[in-house]
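To start, the structure under review is shown below, and the notes come after it.
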Amino acid sequence: MMGLNATPKTGLVTERPAWKALEEHYQKIRNVHLRSLFADDAHRGERMAVEGADVYLDYSKNRITDATIRLLVNLAEECGLRQHIEAMFQGQKINTTENRAVLHIALRAPKSEQIPVNGVDAVSEVHGVLDRMAAFSDQVRDGHWLGYSGKRIRNVINIGIGGSDLGPVMAYEALKHYSKREMSFRFVSNVDGTDFEEATRDLNPEETLIIVSSKTFTTVETMTNAHTARAWLLKSLHRQEAVGKHFVAVSTNAEEVAKFGIDTANMFGFWDWVGGRYSMDSAIGLSTMIAIGPDNFRAMLAGFRSMDEHYRTSPLDKNLPVLMGLLSIWYNNFFGAQTVAVLPYAQYLKRFPAYLQQLAMESNGKHVTLAGAPVNYQTGPIYWGEPGTNGQHSFYQLIHQGTKLTPCDFIGFCRTLNPLGPHHDLLMANLFAQTEALAFGRTEDEVRAEGTPDWLVPHRVFEGNRPTNTILVERLTPESLGKLVALYEHNVFTQGAIWQIDSFDQWGVELGKVLAKRIIPELESVEEPLLQHDSSTNSLIRRYRRFKGEPSWK
Ligand code: G6Q
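Here our numbering is used: the first residue of the sequence shown is 21, the next is one more, and so on.
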């Protein structure tokens with residue numbers, strides 16, 4: 021583990037009185053069972069629930085008492101969480117390692133607001149781009165934007181990776197119900213040619229619009245796919261001018277966009293103060309806007325905004341993202357939990373856990389504090405999950421009866437978008453039943469009372485005391501999706517603020533972007549290259565060269 025040598029008086033969060041108080045409190049509470057917490061308080065389920073921006077959070081099935089919440093809130097106060105939140109909202113350069121402001125909240129601010137960044141009002145710039153996106157989306161949706169040969173655009177492909185892909189795919193899947201069904205939307209991210217091939221094999225290039233989404237416009241995967249897409253288009257349309265009708269760009273890098281051959285009039289910009297994983301509501305959401313239309317996109321932004329306001333203004337102990345963030349810290353740093361499972365009971369949210377993985381793990385997977393000191397505590401947990409009820413038939417076994425503590429977020433909607441006989445009640449019955457079973461388990465006595473033979477009893481006992489949050493929302497709409505995403509953005513922010521880390525840089529990703537470049541020529545060269553890696557990497561490269569055959573593009 022990192023930071024074992026950190027000396028006392030380093031100013032680390034573990035030295036704060038509130039942290040020490042939580043350590044003591046943990047010793048008292050670690051073996052207390054949710055069964056007794058509920059038995060001692062008939063109203064726990066109502067008391068330990070909050071509503072913010074119409075999102076209901078029941079956190080009563082956590083291994084906490086009122087004192088735990090008080091102590092966690094004390095910790096947040098001691099760490100200056102409020103000031104951190106204000107610093108973000110006011111555009112201070114809180115991404116210190118990149119010397120940047122962190123202003124995804126400006127992407128959903130109303131026109132009437134002003135947030136100056138380096139002397140320019142970020143909010144009016146945002147609305148300028150939104151208006152251009154809306155005009156373009158309408159043109160594509162209503163058939164006024166035609167392909168080079170005069171055909172209507174029926175397919176949209178977003179080419180991007182990481183933050184320029186996961187948000188758009190997640191949002192498209194989540195809001196498919198609201199999408200223009202006559203059009204198809206595809207997402208190409210992987211540099212594995214299979215991704216491009218399978219996404220395009222049944223599409224007519226003459227009816228296809230390609231959105232190249234890349235903040236930097238230099239990411240190798242995206243640029244490789246973009247060049248392949250251009251070749252695919254020109255194979256049918258033969259004329260360079262066709263590119264202008266079939267390619268648009270979303271980027272901060274006008275120079276590279278122009279070099280690629282996309283008219284910068286067809287470029288939708290954003291700014292260095294929007295991190296990739298925080299960009300689905302910027303121009304990176306162009307494919308989302310074309311799919312669901314500008315009005316729905318603006319409704320999604322309004323959803324984000326209402327959660328932003330809730331986060332900025334609600335008392336810490338009534339604040340959904342704050343409570344969720346602090347509970348994560350409680351399990352991660354005191355109970356030693358390694359992961360958080362996110363379990364949406366909504367098929368439309370099937371990509372939500374993958375989206376959250378980047379949001380949470382790229383943000384809080386850090387080993388030093390803002391001051392560069394190694395941490396002596398665990399930072400970001402691993403986020404993972406699958407939609408319910410599918411997960412129940414695969415990995416829930418481990419959550420119920422395994423030896424690892426896995427705090428879970430259950431997410432459900434009271435009204436379905438696809439009323440179909442008994443389906444929705446069944447779905448939600450499963451959600452409620454799972455949180456109940458995880459909390460209360462089944463005791464030995466209960467199992468025996470069912471007539472279970474002695475030898476089988478231990479196998480059928482469920483310890484319970486497995487913590488869960490339940491998030492209930494009325495219906496999945498563009499607005500409620502915005503609220504949910506903002507809830508997790510601010511939850512992640514809360515955790516990062518307590519851990520004193522930079523949640524907005526990603527040096528690990530940057531490293532990945534350069535590492536492969538060194539090896540590419542060694543795989544491509546006709547002559548046997550002189551390999552100077554370690555013996556494992558050298559022999560893997562040799563074996564690959566031996567078996568790969570002739571490159572198809574040579
Ligand atoms: C996100 C990361 C990373 C980034 C991709 C794509 O926060 O920075 O996932 O989004 O590497 O980068 P480009 O948009 O520059 O192609």
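Beta carbons are placed, not taken as given, at the ideal position from N, Cα and C, and that holds for glycine.
Assuming contact is defined by CB atoms lying nearer than 9 Å, are I173 and T228 in contact in what I supplied?
The sequence position of residue 173 within the sequence shown is 153, counting from 1. The sequence position of residue 228 within the sequence shown is 208, counting from 1. T228 sits close to I173, with the two beta carbons spaced by under 9 Å.
Q: Report yes if the CB atom of D74 is closer than 9 Å to the CB atom of S334, and no otherwise.
A: Along the sequence shown, read from residue 1 onward, the residue named residue 74 stands at position 54. Along the sequence shown, read from residue 1 onward, the residue named residue 334 stands at position 314. The answer is no: Cβ separation not under 9 Å.
Taking only the alpha-carbon atoms, compute the straight-line gap between T284 and I521 and give it to the nearest angstrom.
Here residue 284 corresponds to residue number 264 of the sequence shown, with the count starting at 1. Here residue 521 corresponds to residue number 501 of the sequence shown, with the count starting at 1. Approximately 37 Å, taken between the alpha carbons.
Contact set for Q412: own chain, Cβ-Cβ below 8 Å, skip 5 residues either direction
Locating residue 412 in the sequence shown gives position 392, where the first residue counts as 1. Spatial neighbours of Q412 in its own chain (CB-CB distance under 8 Å, excluding positions within 5 residues in sequence) are listed in chain order as N450, Q454.
Quiz prompt | Inter-residue spacing [alpha-carbon to alpha-carbon] between L379 and E547 | solution = In the sequence shown, the residue the question calls residue 379 occupies position 359. In the sequence shown, the residue the question calls residue 547 occupies position 527. Each residue's alpha carbon lies about 43 Å from the other.
Requested in this report: Verify whether the separation of the beta carbon atoms of V12 and A303 is less than 9 Å.
Outcome: This structure cannot settle anything about residue 12, because the visible part of the chain is limited to 21 through 574.
> Does the distance from the CB of A41 to the CB of C99 come in under 9 Å?
Replying inline: Counting from 1 along the sequence shown, the entry for residue 41 is found at position 21. Counting from 1 along the sequence shown, the entry for residue 99 is found at position 79. With contacts defined by Cβ atoms closer than 9 Å, A41 and C99 do not form a contacting pair.
Open item on the list: Assuming S414 is part of the beta strand (DSSP E), what are its boundary residues?
Closed with: Locating residue 414 in the sequence shown gives position 394, where the first residue counts as 1. Run containing S414: none; DSSP gives neither H nor E here.
Does H443 pass the burial test, meaning 16 or more other C-beta atoms within 10 Å, or should it be called exposed?
Residue 443 sits at position 423 when you count from the first residue of the sequence shown. When all chains shown are included, H443 counts as exposed.
Next on the checklist: For the beta strand (DSSP E) containing Y365, name the first residue and the last one.
Outcome noted: Within the sequence shown, residue 365 is the residue found at index 345, counting from 1. Where Y365 is concerned, there is no enclosing beta strand (DSSP E), given that its DSSP letter is neither H nor E.
Taking its Cβ as the centre, do 16 or more other Cβ atoms sit within 10 Å of L418, making it buried, or is it exposed? On the sequence shown, residue 418 is found 398 positions in, with the first residue counted as 1. It is exposed - the Cβ of L418 has fewer than 16 other Cβ atoms within 10 Å.
query: Going by DSSP, what residues sit across from N384 in a beta bridge?
result: Stepping through the sequence shown from its first residue, residue 384 is reached at position 364. Beta-bridge analysis with DSSP links N384 to no other residue.
Original post:
Can Q552 be considered in contact with ligand 1, in the sense that its beta carbon sits closer than 8 Å to one or more heavy atoms?
Top reply: Translated into positions along the sequence shown, residue 552 becomes position 532. Residue side-chain check: Q552 keeps its Cβ at 8 Å or more from all non-hydrogen atoms of ligand 1.
So is P373 buried or exposed if we call it buried at 16+ other beta carbons inside 10 Å? As a working note, residue 373 is residue 353 in the sequence shown. Burial state of P373 is buried, judged by a 10 Å Cβ sphere holding 16 or more other Cβ atoms.
Practice task
Use the C-beta contact count for K503: other C-beta atoms within 10 angstroms, 16 or more gives buried, fewer gives exposed.
Solution key: As a first step, residue 503 is located in the sequence shown; it is residue number 483 there, counting from the start. K503 counts as buried, since at least 16 other C-beta atoms from the protein chains shown sit within 10 angstroms of its C-beta.
Just tell me which of E44, I540, A154, A469 has its CA closest to the CA of I312.
-> Stepping through the sequence shown from its first residue, residue 312 is reached at position 292. Answer by Cα proximity: A154.
Practice prompt. Quick one: which unbroken beta strand (DSSP E) runs of 3-plus residues sit fully inside the region 232-309? Chain order, please.
Written response: Within the region 232-309, the complete beta strand (DSSP E) runs of at least 3 residues are 267-271, 287-289.
| Cut-off 8 Å between Cβ atoms - residues of its own chain near P28, not counting five sequence neighbours on either side | Sequence index remark: in the sequence shown, residue 28 carries index 8 (1-based). Model confidence at P28 stands at a pLDDT of 39, short of 50, so the residue's coordinates are unreliable and nothing is read from them.
Distance cut-off 8 Å: G305 Cβ against heavy atoms of ligand 1:
By 1-based counting over the sequence shown, the position of residue 305 is 285. Not one heavy atom of ligand 1 is found less than 8 Å from the C-beta of G305.
Delimiting residues of the beta strand (DSSP E) encompassing L77: Mapped onto the sequence shown, residue 77 falls at position 57. 75-78 is the extent of the beta strand (DSSP E) around L77.
* Asked: What is the rounded straight-line gap between the Cα of M243 and the Cα of Y298?
  -> Counting from one through the sequence shown, the residue named residue 243 turns up at place 223. Counting from one through the sequence shown, the residue named residue 298 turns up at place 278. About 21 Å.
Quiz item: Hey, is T239 close to ligand 1, as in C-beta under 8 Å from one of its heavy atoms?
Solution: As a first step, residue 239 must be located in the sequence shown, where it is residue number 219. Yes, Cβ of T239 sits closer than 8 Å to a heavy atom of ligand 1.
Alpha-carbon to alpha-carbon, T239 and T359 = Here residue 359 corresponds to residue number 339 of the sequence shown, with the count starting at 1. Here residue 239 corresponds to residue number 219 of the sequence shown, with the count starting at 1. In this model, T359 and T239 are separated by some 30 Å (Cα to Cα).
In this structure, does DSSP put P37 in helix, strand or coil? The residue labelled residue 37 in the question sits at position 17 within the sequence shown. In the structure shown, P37 sits in a helix (DSSP, three-state: H, G or I).
Exercise. Heavy atom of ligand 1 less than 8 Å from the Cβ of G516, yes or no?
Worked result: Along the sequence shown, one-based indexing puts residue 516 at 496. No, Cβ of G516 sits at least 8 Å from all heavy atoms of ligand 1.
* May I ask you to check if the CB of Y298 is nearer than 8 Å to at least one heavy atom of ligand 2? => Of the ligands this structure carries, namely ligand 1, none is ligand 2.
*Indicate the three-state DSSP secondary structure (helix, strand or coil) for V529 in the structure shown.*
Here residue 529 corresponds to residue number 509 of the sequence shown, with the count starting at 1. DSSP places V529 in helix when its eight states are reduced to three.
For D554, name the three-state secondary structure that DSSP assigns. Taking the first residue of the sequence shown as position 1, residue 554 is located at position 534. Under the three-state reduction of DSSP, D554 is assigned to coil, being neither helix nor strand.
Next on the checklist: Just list the residues that DSSP pairs R67 with in beta bridges.
Outcome noted: Here residue 67 corresponds to residue number 47 of the sequence shown, with the count starting at 1. DSSP lists no partner for R67.
Assigned exposure category for S271 - 16 Cβ within 10 Å defines buried: Here residue 271 corresponds to residue number 251 of the sequence shown, with the count starting at 1. So S271 counts as buried.
- Query: In whole angstroms, what is the alpha-carbon distance linking H510 and D554?
  - Reply: If you number the sequence shown from 1, residue 510 lands on position 490. If you number the sequence shown from 1, residue 554 lands on position 534. Cα to Cα, the separation comes out at about 42 Å.
Where does G213 fall in DSSP's three states? Looking up residue 213 in the sequence shown gives position 193. Residue state, collapsed to three classes: helix.
Three-way DSSP call (helix, strand, coil) for A536 in this model: Here residue 536 refers to the residue found at position 516 when the sequence shown is read from its first residue. In the structure shown, A536 sits in a helix (DSSP, three-state: H, G or I).
Coarse secondary structure for F482, derived from DSSP in three states:
In the sequence shown, residue 482 corresponds to position 462, counting from 1. Looking at F482 - three-state DSSP - the assignment turns out to be strand.
Worksheet entry | Where N352 falls: helix, strand or coil (DSSP) | Here residue 352 is taken as the residue at index 332 of the sequence shown, counted from 1. It is helical.
- Query: Per the contact definition of three or more C-beta pairs closer than 8 Å, is the region 462-471 in contact with the region 515-531?
  - Reply: Between the region 515-531 and the region 462-471 there are fewer than three C-beta pairs closer than 8 Å, too few to call the two in contact.
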